[in-house]
Every structure is written in C-alpha cells, then in structure tokens.
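Beneath this line is the structure, given in structure tokens, with notes to follow.
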Amino acid sequence: MKIFFDTKSVKDCDVKVLLWGKGSRFNAEKWASFLNKEETEVLKQALSTDKDAAKKGHVLELWGKKTSLLVYGIDAPKDALQWQNLGASVAAKVQKKQKVAVLVEDVEQACNFALGAELGSYRFDKYFTKKKEEDLPQLEEFHLLCEKKIKEADYKDFAALANAVRYGRDLCNEPANALTPEIFAADIKRLTYLGLKVDVLDKKAMQKAGFNLALAVAQGSVNEPRIAVISWQGNKKDKEFSCGLVGKGVTFDSGGISLKPGAGMGDMKQDMTGAAVVVSVLKALALQKAPVNVVGVVGLVENMPSGSAIRPGDVVTSMSGQTVEILNTDAEGRLVLGDCLWYIQEKFGVKKIIDIATLTGATMRALGSEYAGIFSNDDGLCQALIKAGTLSGENLWRLPINEAYDKMINSDIADMKNLGGANAGGSTAACFLQRYIQPKVKWAHLDIAGVDKEEKGRPLTPKGATAFGIRLLNEYLKA
Ligand code: BES
Ligand code: MN
Ligand code: ZN
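Going letter by letter, the sequence shown gives residues 1129 to 1607 in the numbering used here.
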C-alpha cells in the first residue's frame, strides 16, 4: 500500500471516504473536488435520511457500481491516537478495494490517519503459497485529500515510524528457524545503510567480553549466540549517549532443560520482541534523522535443551563478577539481560537505561494484554515513559520493586539465584535486573510478555506480533 497526499480530485477511486461529525454540514462546494455531481446527490439524499450518520462509530455505506461512498460518523477525534485508530479502521474496511481516497481537514489529521492505515493494514503473509490473490489484502493506493497542500516532508516522521513498526513486526512474526541469532544479527547489520553504527559480537567475541550468562543460556543450542550493538548519533554536538536501550532477543525459548509444556510453545518464537523493538526504534530514529544520541544492545540467543545445555543448579559468574545460581533454565531472559545491562554501562557509560523484554508470565497474568509492566528506580523516568505510552496507545502500568522482593532472589550458595518465590514473579525478575544497574544510573524495565502478541486483532494492531514498544519509545526519545 502506498500513501498519497493530494489537493485535487483522485481519478478512478474504488472508495471515497468522508468523515462526518456533529458539526458537519453538507457542503457541495467544498466537496466539488472530491465528489462528482452524481455522488454529491446520492450523499445528500442519504445524509438527510440517516439520522445516525454523525454518531461516533457509525458507518454509512453507499456501495456503488463504480465508486462506493463511506461516511464515518466521528466524535471529532481529539488527539493523534484517535485519528490513527480511525485511519486503521477505515483501512481494514476497504482492504479488498484497490484505490481509496479520504477527505481530511488538515496536515495533522492526514498524517495520523495515514499512519494508522499503514499500521492497521500490516499483514505477515510471506509464507502462504496457495492463497488466492483475492484472499489477500488488495489495497494499493491510499489517498488523503486535503485543501491544504501536504508535502512528503510533513509525513517523513510518520512514514519512519510506520516503516519501523512494520519491520519490527516482521522480525517478531518470523519463525525461529528463519530467524536464528546469526540471521537476526546479519539483518541488523544491514541497517548501516541508514547511518546507524552496528557492531556484532560472535560467540568468540562474547567469550572475550565475558558474556557468561548469555553464553550459558545459548550453550544448549546448535545456533550460536550473537550480541548486536547499534548506535545512532543524531546530535553531533554531544559525544555521549543520552539513553541506552537493552532488548531481550531469545529467538526461541523452549525453556531449556526446565522444558516448557508443549501447548503454545510456538509463541516462544516471539521471545525476541524486546530486541526487535530496540532495533526498530533505532531504525525509526535514523529514518527521521532525529537529533538524539541513543545506543542499543541486544542479546540474541536460542534457549534449547540438549546434552550441552546448562543444568538447573549450575552456577555461572556474570560479566559483572556477581555469581548466579541458575535454578530454572526457563528464567533465561534475565540472564541474557544481566550481561547486556552491565556491558552497555561499562562500554558507553550511559546514565539512563531502558530495557524491554518478554520477561515473565507473572506480569502477563497480572496485566493481560492491556498494559505492559514498568519497573523503575526513578520516578521521573517512569512517569515520562508512562506518558509516552498513553500518547502512543502503548499503555504501561507501574509495578513495584523493593528490598523485600530483592531478598527473594538471594541464593544459598551464590550471590543470587535466577528464581524468586512462587509469587510476584514480575517484581523478583525486575530485582534481578536491578542488580546489574550501577549506582546513580536511572533505569526502567518494560515487561512486555502479555502485549507482544495480539490474539483477536485491534485497529492499530492486527492479529499476530504487535512489536509493542516501538511507538512508545519513539515518542519518549524524541520528546
Ligand atoms: N519468555 C518467558 C516469559 C513469557 C511467558 C513470555 C509467556 C511471553 C508469554 C520467560 O523466559 C519465562 O519462561 N519466564 C518464566 C520464569 C519462571 C521460570 C521464573 C515464567 O514467567 O514462567
Ligand atoms: Mn523462559
Ligand atoms: Zn523467555
């Protein structure tokens, strides 16, 4: 699908969409460039008889032989997110049509509407070989018609975000046999064409740097691990990175020797969503040439059971020097992140870090698919992220960390264990991560286990991978 901004009438449209609110009045003159005489007449008739036309959510459908008209009842959307949702709903409705035009009032509306359409019409259909053409989305041209001229440049940041989210979702939807750590890292490396700096550490380099926890998780798999370091320096005046991002990239989480039950295990191909989000956010910043300096570290590993796999009870010395008793090999995310968090602080001296991970089933059970959990040692950072979440429609709910939860991960034979008690699994996992945060560093941890996948499909997040966090972090980092 391609987005077009026009000021003049679009020829040969399959569908024309009008937005109709309480204050809307019939204005043939204003629509002269959008509707022909016949369409104007049909519309006038229909609007005069349909009393609900201006009701929010109401759709007046006038399906014609050549061109169809859709009138969307709107309650004058008040913010960007509502326009995005509307754009996504319209795109869903007309996905079997090829050429669609929507009449909008201004640049803000147009851009958010188009972004919504791009996010809402995302599909992952590369593996279908037998589907008929007509069963797949047909939408090719999405025109936004506005009296005022809208330039490509006006849409640049929106286009970047749409691109990044679609890229992130592609990564997450990809099956684990097609996205091993090695392949994932190679894909990230490709992003250097945008001016991003990408360094990939292979197994040997990881050993040298001391990624012992991450290596322990990876040691049961024939697919070797990778660490990717991606940085964007859009603010040339500053040498430092204002923020560090860390992402969990478990390309498949079988649980290892502490094997997961079979039902739903396939979902664990998406246990790399945190890494996909970090990479995609950096891609978005580069596409926008955003004037900020951000560095990301992602730990790419596969967690498998085998004769070489880590055992429950093994003790490993992390990069930080702290020892970890690995009591459950399925609590692998915190191991990978522990080393990545330490590395980003040592190597880049970042004083603010956000990590993002599909970390615990406990957080998923607490918050479902409505909110991701946020844990933080800094109220300001936490509030700013929650606000960015509200603005972008990726909602966060703060959950607690404190000394009592922290105590729960003390081990009998090492500095810590990778398991808490039976309850408060999200908080004890966060406390584990906090043990790898150095004094005075502001840190927030986003647990996206419940929101990385959409089961039913919503306007902006169709069924499948949501890549939750890209819009939120983009909003936060640019603010
Ligand atoms: N990747 C899982 C968490 C997860 C669960 C993500 C469901 C998405 C959906 C993580 O590695 C895991 O297995 N966590 C365990 C930890 C436990 C063994 C302490 C969990 O939450 O059950
Ligand atoms: Mn696990
Ligand atoms: Zn996992």
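All C-beta atoms in this analysis are idealised placements derived from N, C-alpha and C, irrespective of residue type, glycine included.
Legend entry - Check: residue 1407 C-beta below 6 Å from any heavy atom of ligand 3: no
Legend entry - Helix, strand or coil at residue 1293 [DSSP, three-state]: helix
Inset, instruction - Look at residue 1360 and residue 1428 and say whether their C-beta atoms are less than 7 Å apart. - result: no
Inset, instruction - Please classify residue 1544: does DSSP put it in a helix, a strand, or coil? - result: The answer is strand: DSSP assigns residue 1544 an E or B state.
Inset, instruction - Within the same chain, show all residues whose beta-carbon is closer than 6 Å to that of residue 1352, passing over the 5 residues directly before and after it, in chain order. - result: 1331
Inset, instruction - Taking only the alpha-carbon atoms, compute the straight-line gap between residue 1539 and residue 1203 and give it to the nearest angstrom. - result: 57 Å
Inset, instruction - Grab me the residues of residue 1479's own chain with a C-beta within less than 6 Å of its C-beta, minus the 5 sequence neighbours each way, in chain order. - result: 1569
Legend entry - Ranges of the alpha helix (DSSP H) found wholly within the segment 1138-1195, counting only runs of at least 4: 1165-1177
Legend entry - For residue 1320, the first and last residue of its enclosing alpha helix (DSSP H): From DSSP, residue 1320 is part of no alpha helix (DSSP H); its letter is neither H nor E.
Inset, instruction - Would you give the residue range spanned by the beta strand (DSSP E) that residue 1444 belongs to? - result: That run of the beta strand (DSSP E) goes 1442-1445.
Inset, instruction - Evaluate contact between the segment 1235-1252 and the segment 1284-1303, counting only Cβ atoms and requiring at least three cross-stretch pairs below 8 Å. - result: The segment 1235-1252 makes contact with the segment 1284-1303, as at least three CB pairs between them are under 8 Å.
Inset, instruction - Say whether the segment 1172-1186 touches the segment 1196-1213, bearing in mind that this needs 3 or more beta-carbon pairs closer than 8 Å, one atom from each stretch. - result: yes
Legend entry - Bounding residues of the beta strand (DSSP E) (the contiguous stretch that carries residue 1361): 1354-1361
Legend entry - The alpha helix (DSSP H) enclosing residue 1242, as first and last residue numbers: Residues 1235-1248.
Inset, instruction - Run the proximity test for residue 1253: is its beta-carbon closer than 6 Å to any non-hydrogen atom belonging to ligand 2? - result: no
Legend entry - Reduced DSSP secondary structure (H/G/I, E/B, other) of residue 1581: strand
Inset, instruction - Would you mind working out which of 1584, 1526 and 1541 sits nearest residue 1558, comparing C-alpha positions? - result: 1526
Legend entry - Within 7 Å, strictly: CB atoms of residue 1463 and residue 1341: yes
Legend entry - Environment of residue 1279 [buried if 16+ CB atoms lie within 10 Å]: exposed
Inset, instruction - Could you tell me the boundaries of the alpha helix (DSSP H) in which residue 1598 lies? - result: 1598-1606
Legend entry - Cβ contact check for the segment 1367-1381 and the segment 1392-1405: 3 or more pairs under 8 Å: The segment 1367-1381 vs the segment 1392-1405: in contact.
Inset, instruction - Tell me whether the beta-carbon of residue 1129 lies closer than 7 Å to the beta-carbon of residue 1217. - result: no
Legend entry - Inter-stretch contact at 8 Å, needing at least 3 Cβ pairs: the segment 1379-1389 / the segment 1252-1269: Between the segment 1379-1389 and the segment 1252-1269, the count of Cβ pairs shorter than 8 Å is below three; the stretches do not touch.
Inset, instruction - Use the C-beta contact count for residue 1264: other C-beta atoms within 10 angstroms, 16 or more gives buried, fewer gives exposed. - result: exposed
Legend entry - Distance cut-off 6 Å: residue 1693 Cβ against heavy atoms of ligand 3: Examination of residue 1693 is not possible in this model, given that the chain is present from 1129 through 1607 alone.
Legend entry - Sequence-distant residues of the same chain with beta carbon closer than 7 Å to residue 1141, five excluded per side: 1195, 1227, 1228 and 1229
Inset, instruction - Locate the beta strand (DSSP E) running through residue 1502, then write down its first and last residues. - result: 1500-1504
Legend entry - Same chain, Cβ closer than 8 Å to residue 1528, five either side skipped, listed in chain order: Only 1503 and 1555 meet the Cβ criterion.
Inset, instruction - Tell me whether residue 1457 counts as near ligand 1, meaning its Cβ is closer than 6 Å to at least one heavy atom of that ligand. - result: no
Legend entry - Rounded separation between residue 1450 and residue 1266 - CA only: For residue 1450 and residue 1266, the distance between alpha carbons rounds to 55 Å.
Inset, instruction - Starting from the Cα of residue 1572, find the closest Cα among 1531, 1588, 1511 and 1582 and give me that residue. - result: 1511
Inset, instruction - Would you mind reading off the limits of the alpha helix (DSSP H) that contains residue 1402? - result: 1401-1416
Inset, instruction - For my contact list, residue 1198 and residue 1179 are in at a C-beta cut-off of 8 Å; report their separation, rounded to the angstrom. - result: No, residue 1198 and residue 1179 are not in contact; Cβ-Cβ is about 18 Å, not under 8 Å.
Inset, instruction - Along the alpha helix (DSSP H) that carries residue 1491, what are the first and last residues, could you check? - result: 1489-1495
Inset, instruction - Excluding the 5 residues preceding and the 5 following residue 1231 in the sequence, name in chain order all residues of the same chain whose CB lies nearer than 6 Å to its CB. - result: 1146, 1162 and 1273
Inset, instruction - Kindly indicate the opening and closing residues of the beta strand (DSSP E) around residue 1466. - result: Looking at the DSSP string, residue 1466 is not in any beta strand (DSSP E); the run it does join, the alpha helix (DSSP H), is 1461-1476.
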